[in-house]
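The sequence shown: position 83 = 83 (UniProt numbering), numbered continuously. Just so it is clear, CB atoms sit at the ideal spot from N, CA and C, and this is done for glycine as well. Predicted model only: the values in this text are computed from it and were never measured. Shown next, in structure tokens, is the structure this report addresses.
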Amino acid sequence: MKKSDIHFAVELDNQNIPEKIYWEATDNPNEGLSDTRAIAIALWDNYHNSTLKIDLWTKEMEVVDMKRFLIEIMSGIADTAINATGDKRMATDIENTCRVLSKRLEEEIKEQQKQQ
């Protein structure tokens, strides 16, 4: 049986706010720690029949990038819905929501650029 490990290391400031986030995985083609500005992990707790989440982002994570990150996570969930359940309708609904949010984000970006 093959085993794969994923590790995260988080550097916190004195108020426990992430300053740096690093990760590494046995199947990652890049050796050693890689840095990132945000992670979002969801686990299914079978005992409580609920989801456990870990969401972390650094102080340097730009708001526009965080919004893009959230949209991309949702798009990935649409793929998971098809692969794990075969529910194309659910996946389509999620993707449609992602399109709406992407359009809204594009409009926000354009508005911010006008104000600069």
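Exposure of residue i, with buried meaning 16 or more beta-carbon neighbours within 10 Å
| i | result |
| --- | --- |
| Ala-81 | buried |
| Ile-109 | exposed |
| Ala-40 | exposed |
| Ala-25 | exposed |
| Ala-78 | buried |
| Ala-84 | exposed |
Cβ-Cβ separation, residue j to residue i (assumed contact under 8 Å), whole Å
| i | j | result |
| --- | --- | --- |
| Met-66 | Ile-94 | Actually they do not touch by this definition, with Cβ atoms about 19 Å apart. |
| Thr-36 | Ala-42 | That pair is no contact at about 17 Å. |
| Cys-98 | Ile-54 | That belief does not hold up - the Cβ atoms of Cys-98 and Ile-54 are roughly 22 Å apart, past 8 Å. |
| Leu-105 | Arg-68 | 7 Å |
Coarse secondary structure for residue i, derived from DSSP in three states
| i | result |
| --- | --- |
| Glu-106 | helix |
| Leu-101 | helix |
| Ile-73 | helix |
| Ile-21 | strand |
| Glu-11 | strand |
Best match in the options for proximity to residue i [C-alpha to C-alpha]
| i | options | result |
| --- | --- | --- |
| Val-10 | Lys-2, Trp-23, Ser-50 and Lys-3 | Trp-23 |
| Ala-38 | Thr-92, Asn-30, Glu-106 and Pro-18 | Pro-18 |
| Gly-32 | His-7, Lys-2, Glu-111 and Gly-86 | His-7 |
| Gly-103 | Val-64, Lys-59 and Gln-116 | The displayed chain sequence assigns Lys, not Gly, to residue 103. When each option's Cα is compared against that of Lys-103, the closest is Val-64. |
| Asp-5 | Asn-28, Ile-21, Gln-15 and Leu-101 | Asn-28 |
| Leu-56 | Lys-20, Lys-114 and Asn-14 | Lys-20 |
Start-end ranges of the beta strand (DSSP E) lying completely within the stretch 31 to 57, minimum 3 residues: 34 to 36, 38 to 45 and 50 to 57
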